[in-house]
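If you want our numbering, it's the 1-based position in the sequence shown plus 7.
All remarks here apply to the structure that follows.
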Amino acid sequence: MPKYLAIGRYTSDGLTGLAREGVLRRRADITKMIESAGGKLEALYFAFGDADFYIIADVPDNISAAAVSVVTNQSGFVVTSKIIVLLTADEMDQAIRKAMTVEFLPPGE
8 MPKYLAIGRY TSDGLTGLAR EGVLRRRADI TKMIESAGGK LEALYFAFGD ADFYIIADVP
68 DNISAAAVSV VTNQSGFVVT SKIIVLLTAD EMDQAIRKAM TVEFLPPGE
């Protein structure tokens, strides 16, 4: 199952809700959301700086990952979020091998 990294920042209402309901409750709710899309939460980290949270999850496909992103962004409790597809070392080796067969002509040549 593909692995994804979600990075985001809460709105002030989102942070207020997090403080009110507690981090364990938020983790349970995030787990339930990801599972409802057919996935599994691997890790949830909170941070300070450019992002408030980092989530690593296994999700069946890009459509399911996009659905989770849409629901999250529609909530109004997240200012920004992005989802990054993560590749294993084996998948990256496969991509490098496949790149050898891809034809590319730069503009102007």
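Every residue, glycine too, gets a C-beta built ideally from N, C-alpha and C.
Bear in mind the structure is a predicted one, so any value in this text is a computation, not a measurement.
Q) What did DSSP end up calling Asp65 once you bin it into helix, strand or coil? A) Sequence index remark: in the sequence shown, residue 65 carries index 58 (1-based). The three-state reading of DSSP puts Asp65 in strand, counting E and B together.
Q. In whole angstroms, what separates the C-alpha of Leu25 from that of Asn80?
A. Position 18 of the sequence shown, counted from the first residue, corresponds to residue 25. Position 73 of the sequence shown, counted from the first residue, corresponds to residue 80. Distance from the CA of Leu25 to the CA of Asn80, rounded to the nearest whole angstrom, comes to 16 Å.
Q. Should Ile90 go down as buried or exposed, given a rule of 16 or more other Cβ atoms within 10 Å for buried?
A. To locate residue 90, count along the sequence shown from 1; it is residue 83. Around the beta-carbon of Ile90, 16 or more other beta-carbon atoms lie within 10 Å, marking it buried.
Q: Express the C-alpha separation of Thr18 and Pro67 in angstroms, rounding to a whole number.
A: Numbered from its first residue, the sequence shown carries residue 67 at position 60. Numbered from its first residue, the sequence shown carries residue 18 at position 11. Approximately 28 Å between the Cα atoms of the pair.
Q) With Arg33 and Thr87 assumed to form a contact (beta carbons below 8 Å), what rounded beta-carbon distance in angstroms separates them? A) One-based indexing of the sequence shown puts residue 33 at position 26. One-based indexing of the sequence shown puts residue 87 at position 80. At roughly 18 Å, the Cβ-Cβ gap does not stay under 8 Å, so Arg33 and Thr87 are not in contact.
Q: List the DSSP bridge partners of Leu51.
A: Indexing the sequence shown from 1 puts residue 51 at position 44. By DSSP's assignment, Leu51 forms a beta bridge with Ile62.
Q) What residue does the alpha helix (DSSP H) around Thr38 start on, and which one ends it? A) Here residue 38 is taken as the residue at index 31 of the sequence shown, counted from 1. Thr38 -> alpha helix (DSSP H) spans Val30 to Ser43.
(Q) One question on the structure: do Ala44 and Ser76 come within less than 8 Å of each other, judged by their Cβ atoms? (A) For the purposes of this step, residue 44 is identified with residue 37 of the sequence shown, where counting begins at 1. For the purposes of this step, residue 76 is identified with residue 69 of the sequence shown, where counting begins at 1. Result no, Cβ atoms of Ala44 and Ser76 do not sit closer than 8 Å.
Q | Own chain, CB closer than 7 Å to Leu93, minus 5 neighbours either side, in chain order | A | Along the sequence shown, one-based indexing puts residue 93 at 86. Hits under 7 Å: Lys10, Tyr11 and Leu12.
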